[in-house]
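Working notes, beginning with the structure itself.
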Amino acid sequence: MDKCQELVRTYVATEGEDTLKELVQNVDHQTITLLHIVKSLGEYLTSEDGKIREKGIRLLSNTISLCQPERFNKQSTRVLTTFYCEKIQDADTVVPALDGLLTLTSLPTFGANEAKDTAQSIVSHISMKSLVQSVRYVVFRIVDALFAKHLTTLISVPSFLPRYIKLAEGEKDPRNLLLAFNIARIIALEFDITNHVDDLFDITFCYFPITFKPPPNDPYGITTEDLKSALCACLSATPRFGPLALPLFLEKLSATAGNTKRDTLKTMSLCLPVYGPTVAKSFAPQMWSSFKLEIFQPLDAETADKAVNALTTLLSILGQDKVQNEITEEGIDELTEEVVTECLRVLREPEKSQAQHAIKIVNACLGATPAICTYTLNRVIPFLIKQFQDPDEAAHRDPILAALRDVLHAARELKDSPCGAVSITFLEANKDATLGALTSGLKAKVSRGSALSGLLQLSHIQGVLSIEEVTFVVHNVNELLGSKEDELGDLRPIALEILNVISTVAPKVVEETTLPMLFAALPDNPPARDADDERAKYWGILSALSALCEAPILFEVLVIRLSTKLEIISGSIPADRECAAAYAHALLQTLSNVLARKSDAGHADVPKYLDRLLPTLLAVAIKAAISSTPGEEVATHPKILPAIATIFTMVVRSAPAPKQASFIGSMSKLFYEARIEGAFISRLPAKCDFHPFNEKASSEQRNAVHLFTASIIPLRPEATLPFEDLSGKLSALVEWCISDLTSDTQSLAGAQLLSSLVNKHTEKSKSWFEEYLPNFWLETAHNPRQVRQLRIRALRVWVAITRALVVQNHKKGEECINKVFSLFDDPLIGRAAGKLVGEIALNNDGVLTKKNYATVRLFALQKLCTWLLPKVISGYKESKDSQLQDAHLVALASLIKAVPKATYADQLSILMPILLRGLNLKDAELRVNIFETLLQVARDTADLGAISTGPLAEHAGSLVKATLSNSQDPEEASPRVQICALRLLATLPSALRYDVLHPYKNDVIRKLGSALDDRRRAVRKEAVDCR
1 MDKCQELVRT YVATEGEDTL KELVQNVDHQ TITLLHIVKS LGEYLTSEDG
51 KIREKGIRLL SNTISLCQPE RFNKQSTRVL TTFYCEKIQD ADTVVPALDG
101 LLTLTSLPTF GANEAKDTAQ SIVSHISMKS LVQSVRYVVF RIVDALFAKH
151 LTTLISVPSF LPRYIKLAEG EKDPRNLLLA FNIARIIALE FDITNHVDDL
201 FDITFCYFPI TFKPPPNDPY GITTEDLKSA LCACLSATPR FGPLALPLFL
251 EKLSATAGNT KRDTLKTMSL CLPVYGPTVA KSFAPQMWSS FKLEIFQPLD
301 AETADKAVNA LTTLLSILGQ DKVQNEITEE GIDELTEEVV TECLRVLREP
351 EKSQAQHAIK IVNACLGATP AICTYTLNRV IPFLIKQFQD PDEAAHRDPI
401 LAALRDVLHA ARELKDSPCG AVSITFLEAN KDATLGALTS GLKAKVSRGS
451 ALSGLLQLSH IQGVLSIEEV TFVVHNVNEL LGSKEDELGD LRPIALEILN
501 VISTVAPKVV EETTLPMLFA ALPDNPPARD ADDERAKYWG ILSALSALCE
551 APILFEVLVI RLSTKLEIIS GSIPADRECA AAYAHALLQT LSNVLARKSD
601 AGHADVPKYL DRLLPTLLAV AIKAAISSTP GEEVATHPKI LPAIATIFTM
651 VVRSAPAPKQ ASFIGSMSKL FYEARIEGAF ISRLPAKCDF HPFNEKASSE
701 QRNAVHLFTA SIIPLRPEAT LPFEDLSGKL SALVEWCISD LTSDTQSLAG
751 AQLLSSLVNK HTEKSKSWFE EYLPNFWLET AHNPRQVRQL RIRALRVWVA
801 ITRALVVQNH KKGEECINKV FSLFDDPLIG RAAGKLVGEI ALNNDGVLTK
851 KNYATVRLFA LQKLCTWLLP KVISGYKESK DSQLQDAHLV ALASLIKAVP
901 KATYADQLSI LMPILLRGLN LKDAELRVNI FETLLQVARD TADLGAISTG
951 PLAEHAGSLV KATLSNSQDP EEASPRVQIC ALRLLATLPS ALRYDVLHPY
1001 KNDVIRKLGS ALDDRRRAVR KEAVDCR
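Residues 1 to 1027 (UniProt numbering) are what the sequence shown spells out, left to right.
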């Protein structure tokens, strides 16, 4: 007892936290009881000094808030509750007493009797007007806690509700209001409010509409939307609020504008279903009048949309009194009939803007109830079709069809809802007239767009059109698509989309009618150079085929027809190789575009073209490469092989591992042994003089390695490779890549092949890493006696292998990169080595990706950039030799494009002078990298507001000078560099304050003249924007 008194006296004297903690520990250890504390506080609780009484109660409240719940039994909880209920009547002790009650309400020993006493005491003795916000918040929290655990008890107390309403009246703080709205909602839902509806409504609706704007950096995070949602939930809690709320909502609609009007409409949409049809019907005419004004004379589109939603809700509620399946006019509410009649009146003048608003209402009616949907369709669609057929309305047929299109679109959006089912039933019964009007509209150019759009909507609604009617639609679209004159123009995409939609449900119709027409229009021979119209025509046809032939059955036809065309074009020496190659490339690109979409969609039929399409394309390429005049063949043109390679990659990627292994086995036999196996047997001659990896092979045969690479890159790791000796194949491939007889593009294809094999089969290549690679490095890239071209080739191969290791976080990756750094001081290839460092981190050649089943670890490249950037910066700063410094500068310029913004943001002050020096490099690609980085920095700075300090401001003069210099047009200037420089220059005024840039204004305006007169349009455009 002495210990307890000592601690109590110490706390009252000092209010020390340590004393409080010690007291709580003693209570938890049961060396002191709560009763001991109350007795020790006796003299302080009865003191005449209010501050001392307050300290005493606060000590008790703080103690129980920190004690373990197990220390409280039912008796102590009862005693403490009674004690606190008395103390809240004392103005000096009300605050700590409320804190104590809040703690008690959370205890499991706090029972129904305690809840009843607490509630009565609070509503009887608390005067909210005399309390500050934080204390009022505690009061609301106590009530909220009582509602959560003892709601039934509070409902049984008759005096609680009227007194609580008086207690909560006039609250203004957002935190408190959130709780108050929640409490009021529970009261409306759970209490008998028959005698208190007006009072409860008054203390809630007085806050509508919410106009609260949260202060900057609000620690509580309460948003306007939080308060709006809480208030709306409260107002929509009971139908008893309906007769009181709806007149006031209507008043708000007529007297206000902007956000208030929108909030009112949104709240009405949420409240009407709760208020019910009886209340809604009594105010229906006034609501329709208000909604009609907002829809037909809108202040803005958002308000009109919310009014349409509110009207839809109203009609749905009124429709609840009617039999859902009744579709006669007698089953429709008077208001619905009035609404539809008003819309039809407006639609008598379809060319006027009001008609668009009327259609919005019509579309809203379609989503109300099935009965209203059927009634609306029964009146609107026949009305529009009759109007379309009226000779007096011939001039207005386009807006009439536009209205019909919008109604069909709304019916399509109903989908699987009950209204969707009845709309399909109606359209199926009235499709002849609808289809007739739409196909009639195709004949006139002025109404063709709306007619096509209407047919598109109708085609999307499954279950309406029969196969015969679908065929009729396709026939009409085909007539426009195949016309000699371009009757579709900009409407071609809509026509193709109609056919595309139909092809998903009735592909046979498109296959038998549209495709033959399009294929017949494709020329067998490429148009001449000056035949621009014919060339544009086949481009349009191929574009149409690309859009239509995604369905498996249609794609199969496309493959057969286009591959046959390709074989015909490539089967002989053309008179004009460029024109033939352009046509062949267009055919291949069409196949590629459709395949790309099918691959992305995961179509199951793509793998089968491993045996059906790829052998044909391979035969075209190989026959051209081994012909007596390969340089004149179409298939050896530089544009053709990359297009074929893209198709190879997509098809092989989609196949399962066994099929991939079989295919790559046949490819390997062909490319390494000139043996024809598998699917190639019927496509290539038995004796095929094809040896692309042989030293004596022609350049055209070597180019075909692109196809072998395209087949290897997308292989799954589990696909069996056809190489018995992988190390030997890798070594031979390296030698082939660096050979003098191999071109740069061929060497690149070989390096990509190496990269893919090393990445997916690293473990199998261990001996190759240890035995072959070190010698290769010393004898080629690191050997100063070798010629520069061979060393650079070898370095590129080394980088390709390094990247294959780096993306999988292999320990050898860093070792390989350090070897590249060791070449920076080499006067012949130091800069080339620097540039290739950045290419390792960039990994943008599309080879080592998850899509191609490469082993790519998460954040591997980010980790690499984090290691490389400081290494390059320190290398640049510490280098005293100009050659070494230049190599590090080139490395930074190459690397910076790959470095994430978060990595270099903190080092901008160090980077800026180095990057500015990099803008003097001769390599245009490196300067573009730097400009793009600086542009991103400038934009980020601009988003935060113009500044007068920081790296950009410190180097503003040098930056302006460098951008102006690079925006000029010397003969060797790259337009990309000029455009990037001008974009950066245009961004600087928003990133830097006026006083920072003002000294350079005249110089900029004067030198911009050169860019404004540039011979290239893209440069002139950027210069105009900059000025």
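Don't be surprised by glycine CBs; every beta carbon is placed ideally from N, CA and C.
Check: Residues in its own chain within less than 7 Å of M650 by CB, not counting five upstream and five downstream?; Outcome: L595, A596, S599
Check: Out of F140, K166, A832, V806, point me to the one whose CA is closest to L868's CA.; Outcome: V806
Check: Could you check what DSSP says for L721 in three-state terms: helix, strand or coil?; Outcome: coil
Check: To the nearest angstrom, report how far apart F776 and I712 are at their CA atoms.; Outcome: 24 Å
Check: Grab me the residues of A586's own chain with a C-beta within less than 8 Å of its C-beta, minus the 5 sequence neighbours each way, in chain order.; Outcome: Y538, W539, L542
Check: For L458 versus L480, is the C-beta spacing smaller than 8 Å?; Outcome: no
Check: Measure the C-alpha to C-alpha separation of S747 and N843 and round it to an integer number of angstroms.; Outcome: 17 Å
Check: Report the three-state DSSP secondary structure of L753 (helix, strand or coil).; Outcome: helix
Check: Which class does L131 belong to by DSSP, given the choice of helix, strand or coil?; Outcome: coil
Check: Measure the CB-CB distance between R1006 and D1014 and report whether it falls below 8 Å.; Outcome: no
Check: Can A657 and A580 be called in contact, C-beta distance under 8 Å?; Outcome: no
Check: Going by DSSP in three states, L992 sits in which element: helix, strand or coil?; Outcome: strand
Check: Out of curiosity, what's the CA-to-CA distance linking Y609 and A794?; Outcome: 37 Å
Check: According to DSSP, is V937 helix, strand or coil?; Outcome: helix
Check: At what residues does the alpha helix (DSSP H) containing L715 begin and finish?; Outcome: From DSSP, L715 is part of no alpha helix (DSSP H); its letter is neither H nor E.
Check: For the alpha helix (DSSP H) holding F291, just list the boundary residues, first then last.; Outcome: 259-296
Check: Would you tell me roughly how many angstroms separate the C-alpha atoms of N325 and T514, rounded to the nearest one?; Outcome: Residue placement at N325 is poorly supported in this model, since its pLDDT is 40, which falls under 50; the coordinates are not used for a value here.
Check: Quick one: what's got a C-beta closer than 8 Å to V872's C-beta in the same chain, skipping five residues either side?; Outcome: V837, H888, A891, L892, L895
Check: State the start and end residues of the unbroken alpha helix (DSSP H) segment that holds C234.; Outcome: 224-235
Check: Any idea if D300 is buried or exposed, counting beta-carbon neighbours within 10 angstroms, 16 or more meaning buried?; Outcome: exposed
Check: Report buried or exposed for C1026, applying the criterion of at least 16 other Cβ atoms within 10 angstroms of its Cβ.; Outcome: buried
Check: Measuring alpha carbon to alpha carbon, tell me which of L335, R612, L293, V274 ends up nearest K281.; Outcome: L335
Check: By how many angstroms is the C-alpha of T709 removed from the C-alpha of A625?; Outcome: 17 Å
Check: At 4 residues or longer, what runs of the alpha helix (DSSP H) sit wholly inside the region 735-793?; Outcome: 744-760, 766-779
Check: By a C-beta neighbour count over all protein chains shown, 10 Å radius and 16 as the cutoff for buried, is R240 buried or exposed?; Outcome: buried
Check: Rounding to the nearest angstrom, what Cα-Cα distance links T118 and L101 in this structure?; Outcome: 8 Å
Check: CB L59 to CB L41, shorter than 8 Å?; Outcome: yes
Check: Tell whether a beta-carbon distance below 8 Å holds between T590 and S546.; Outcome: yes
Check: Under three-state DSSP, which class holds D600?; Outcome: helix
Check: From this set, E771, S990, L982, which residue's C-alpha is nearest V1024's C-alpha?; Outcome: L982
Check: Considering only residues of the region 400-465, which uninterrupted alpha helix (DSSP H) runs meet the minimum length of 4 residues and lie entirely inside it, listed in chain order?; Outcome: 418-429, 431-441, 445-460
Check: Are Q792 and A832 close, meaning C-beta to C-beta below 8 Å?; Outcome: Note that residue 792 is Ile in the sequence shown here, rather than Gln. Yes, these two residues count as a Cβ contact at 8 Å.
Check: Given this structure, state the Cα-to-Cα distance separating P900 from C865, to the nearest angstrom.; Outcome: 8 Å
Check: Assign R9 to one of three DSSP states: helix, strand, or coil.; Outcome: helix
Check: Pairing CB atoms from the region 636-653 with CB atoms from the region 685-696, are three or more of them under 8 Å?; Outcome: no
Check: Taking just the CA atoms, how far does K352 sit from L452?; Outcome: 21 Å
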